[in-house]
Each structure stands twice: as structure tokens, then as C-alpha cells.
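What follows is a set of notes on a single structure, which appears directly below.
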Amino acid sequence: MKLGVIDVGSNAMRVLIADITQVNGRKNLAKIAYLRLPVRLGEDVFEVGRISDEKVEKLIQGLHTFQAVLNFYNVSIYRAVATSAMRDSENAKKILQRIKKEVKMNLEVITGKEEAEFVYLNFELMPQMVGDFLLIDVGGGSTEITLFCQNEVHIARSFQIGTVRYLKGKVEESEIQDMKNWIQSEVLIHHPQKIFGTGGNISSVHKILDLHDMESVKLRQMNQLKSDLLLLSIEERIFKYKIKQDRADVIVPAIEIYSSIIEQLGVEEIFVPKMGLSDGVLLDLYNQIKV
Numbered sequence: 015m016k017l018g019v020i021d022v023g024s025n026a027m028r029v030l031i032a033d034i035t036q037v038n039g040r041k042n043l044a045k046i047a048y049l050r051l052p053v054r055l056g057e058d059v060f061e062v063g064r065i066s067d068e069k070v071e072k073l074i075q076g077l078h079t080f081q082a083v084l085n086f087y088n089v090s091i092y093r094a095v096a097t098s099a100m101r102d103s104e105n106a107k108k109i110l111q112r113i114k115k116e117v118k119m120n121l122e123v124i125t126g127k128e129e130a131e132f133v134y135l136n137f138e139l140m141p142q143m144v145g146d147f148l149l150i151d152v153g154g155g156s157t158e159i160t161l162f163c164q165n166e167v168h169i170a171r172s173f174q175i176g177t178v179r180y181l182k183g184k185v186e187e188s189e190i191q192d193m194k195n196w197i198q199s200e201v202l203i204h205h206p207q208k209i210f211g212t213g214g215n216i217s218s219v220h221k222i223l224d225l226h227d228m229e230s231v232k233l234r235q236m237n238q239l240k241s242d243l244l245l246l247s248i249e250e251r252i253f254k255y256k257i258k259q260d261r262a263d264v265i266v267p268a269i270e271i272y273s274s275i276i277e278q279l280g281v282e283e284i285f286v287p288k289m290g291l292s293d294g295v296l297l298d299l300y301n302q303i304k305v
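All residue numbers for the sequence shown refer to my numbering, where the first residue is 15 and numbers rise by one.
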């Protein structure tokens with residue numbers, strides 16, 4: 015079944031089209047097309063509390079482009095979601111109304127809890143996973159942490175800690191402490207056996223380190239990469255590591271967030287399945303249709 019998803023994040027917006035099949039109860043997601051646009055809505059929201067007119071125009075243009083991509087691939091069933099930046103923007107309602115009128119699209123603002131739930135759906139593609147493990151998804155505006163116990167979601171939380179928010183100096187110390195306290199009281203007692211990281215930044219780290227698909231990223235590798243990146247300008251990072259311009263600045267705070275969580279957990283590595291929110295939304299859409 016061919017399905018589509020549009021994900022409007024705090025750093026970038028993206029469209030993903032995939033064919034989902036199910037054989038003997040096991041799902042497979044084969045990606046057909048993917049396009050990412052670096053609109054960085056969070057840049058305005060975390061600074062002044064609203065999305066600027068200029069960014070709104072970029073968003074509208076991007077959604078028209080995504081609609082054309084969906085039409086090109088004859089995708090009639092899709093879902094469009096927005097996350098942290100749109101959740102926090104004081105003019106979100108007005109923007110959503112304009113999108114509905116001009117683009118004829120229903121862009122749905124999901125909660126942090128829903129975001130975490132969509133991300134963990136990716137593990138439907140990994141039925142071999144058993145035991146207790148933790149999933150960390152660091153985005154531009156928020157970080158979602160989900161604890162699995164015996165392949166069931168035990169607890170999940172979303173924190174206002176994200177890479178774009180971090181760059182803007184808008185991550186509250188109280189929020190960092192809240193996350194640390196939550197990990198201490200709710201996660202550490204379960205001693206998760208494996209830690210997984212999802213999202214563009216940790217996938218970029220994995221790629222930069224030239225690791226095999228199932229090879230984990232070691233904490234020491236992350237810390238060394240962060241030290242190396244800090245010595246370089248944005249342009250030098252792009253040139254040396256072949257990363258996108260809008261990834262070159264946020265990758266450092268992303269490593270900082272991931273490594274601080276990993277250190278608190280007392281583990282030495284994180285696994286990177288290279289799946290994220292978009293994949294999870296597609297799986298949820300598929301599950302709804304098949305019911």
C-alpha cells in the first residue's frame with residue numbers, strides 16, 4: 015500500500031512516500047521518495063514566540079511542493095503533521111487556517127506525547143527486539159524519550175529541549191533538570207539493555223563515523239566528534255563531513271543532548287536504526303486503514 019506523510023518540524027519540513035506491505039504479520043516499509051526542505055520554523059518561534067511572515071511564505075511554498083510530489087506519485091492517502099515549533103507558535107491557528115484555505119491541506123499539530131508514540135511505532139519493523147530498552151528522539155524543538163519494557167511502552171515523556179531551541183539559548187535549565195530527574199526516578203530503575211537514537215542528527219553522526227548499519231555509536235566517538243566539530247566553522251564542517259548547511263550548526267547541540275542522556279544512563283553506546291517520526295506516522299496510517 016502506497017502512503018505519504020508530511021512532517022513539519024522545528025528545523026526542517028519533509029515529505030516521505032513509501033510502500034508498506036505485511037507478510038505473516040511482519041511489516042516492511044520500502045521508501046519510494048523523500049524530500050527535505052530547511053525552513054527552520056523554530057528559529058522564529060523560540061526567539062519571539064511566533065512564526066514570521068517570511069517563514070510562513072516558505073512553509074506554504076514547501077507544502078505546495080510536497081503536494082506536487084504526492085500527486086506525481088499518485089498518492090491519495092497521506093497525513094500531514096507539525097511538531098514543536100507549531101505547538102509553541104502563538105500564530106499557529108491563523109497559519110493552519112491559511113494552509114487549509116490555500117493548500118487545501120489539513121496540517122495537524124501533534125502533542126509531544128503523540129510524537130513519542132509515533133516514533134516508537136518504528137519498532138513494529140523490528141520484531142526481533144525483546145527486553146527493556148530506551149528510545150531517544152532529539153528534534154529541533156523537543157526531545158522525546160520512550161522506555162520499553164518487554165516490547166511494550168512503559169512510559170514516555172517529551173521535553174522542551176531541542177537543537178534549534180538550544181542554539182537560540184531558549185532551553186531552560188529547569189527543563190534540563192526535569193529531564194534528569196525523570197530519567198533518575200523512572201528510567202534507571204529498569205536498567206534498559208539497549209539505547210536507540212532516532213532523528214536526522216544521530217543518523218548524521220552515524221554516517222560521519224562511517225559505521226555499518228547495525229554498528230553502534232560509542233559515547234567516546236560522539237564526544238570526540240563534538241570536540242572536532244567545535245574547532246571548525248560551519249563552512250568547514252560542511253566541507254569536511256559533507257553535511258547539509260542546516261545540519262552543520264545543530265549537530266553539536268544534538269550530540270550534547272544525546273551524550274548527556276547516555277552518560278546519565280551509565281552506558282557506552284547508542285544504536286541508530288535510521289527511522290523517525292515520518293516512518294512512525296506512515297505505520298500508524300497503515301494500521302488505521304487495515305483495521
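Ideal Cβ positions, reconstructed from N, Cα and C, are used throughout, including at glycine.
- Message: Using CA atoms only, rank isn't needed, just tell me which of L30, N25, S24, A26 is closest to V295.
- Response: L30
- Take A26 and list the residues in its own chain whose beta-carbon comes closer than 8 Å to its own, dropping the five residues that flank it on each side. R50, L51, P52, V53, R54, G154, G214, D260
- Query: Alpha carbon to alpha carbon, how far is V37 from I46?
  - Reply: 19 Å
- Message: Assuming I222 is part of the beta strand (DSSP E), what are its boundary residues?
- Response: Counting along the chain, I222 falls outside any beta strand (DSSP E), though it belongs to the alpha helix (DSSP H) covering 214 to 222.
- In three-state terms, what does DSSP make of H204? helix
- Pull up the DSSP beta-bridge partners for Y134, would you. For Y134, which the question treats as bridged, DSSP gives no partner whatsoever.
- Item | Which of helix, strand or coil DSSP assigns to D146 | coil
- Does DSSP put N165 in a helix, in a strand, or in coil? coil
- Using the C-alpha atoms, what's the distance from M228 back to T160? 20 Å
- What are the residues that DSSP puts in a beta bridge with I34? L43
- Task: Helix, strand or coil for D227, going by three-state DSSP, please let me know.
- Result: coil
- Paired residues, beta bridge with I284 - DSSP: V231
- Item | I265: first and last residue of the uninterrupted alpha helix (DSSP H) it sits in | 265 to 279
- Message: So for I159, helix, strand or coil by DSSP?
- Response: strand
- Using the Cα positions of M100 and I303, report the straight-line distance between them to the nearest angstrom. 27 Å
- Message: Distance check for S156 and S4, CA to CA, integer angstroms please.
- Response: The structure shown does not extend to residue 4, since the chain is modelled only from 15 through 305, so no value can be given for it.
- Ends of the alpha helix (DSSP H) at K16? Taken as a continuous stretch (DSSP letters only), K16 belongs to no alpha helix (DSSP H), being part of the beta strand (DSSP E) at 16 to 22.
- Taking 8 Å as the threshold, find out whether the segment 258 to 272 comes into contact with the segment 174 to 192 through three or more Cβ pairs. yes
- Message: Suppose you measure from the CA of M119 to the CA of E277; what does that come to, to the nearest Å?
- Response: 42 Å
- Message: What does the Cβ neighbour count give for G290, buried or exposed, with the cut at 16 atoms within 10 Å?
- Response: buried
- Query: Is DSSP giving M27 helix, strand or coil here?
  - Reply: strand
- Query: Between which two residues does the alpha helix (DSSP H) harbouring R64 extend?
  - Reply: Per DSSP, R64 belongs to no alpha helix (DSSP H) and is neither H nor E.
- Task: Below 8 Å on the Cβ atoms is my guess for S273 versus L233; work out the distance and round it to an integer in Å.
- Result: 6 Å
- Query: So, K210 versus F285, is the Cβ gap smaller than 7 Å?
  - Reply: Here the sequence assigns Phe to residue 210, which means Lys is not the residue at that position. Yes, Cβ-Cβ distance for F210 and F285 is below 7 Å.
- Compare the C-alpha of I34 against each of S24, S199, V22, G18 and name the closest. G18
- Complete beta strand (DSSP E) runs within the segment 60 to 127 (minimum length 3 residues, chain order): 92 to 96, 121 to 123
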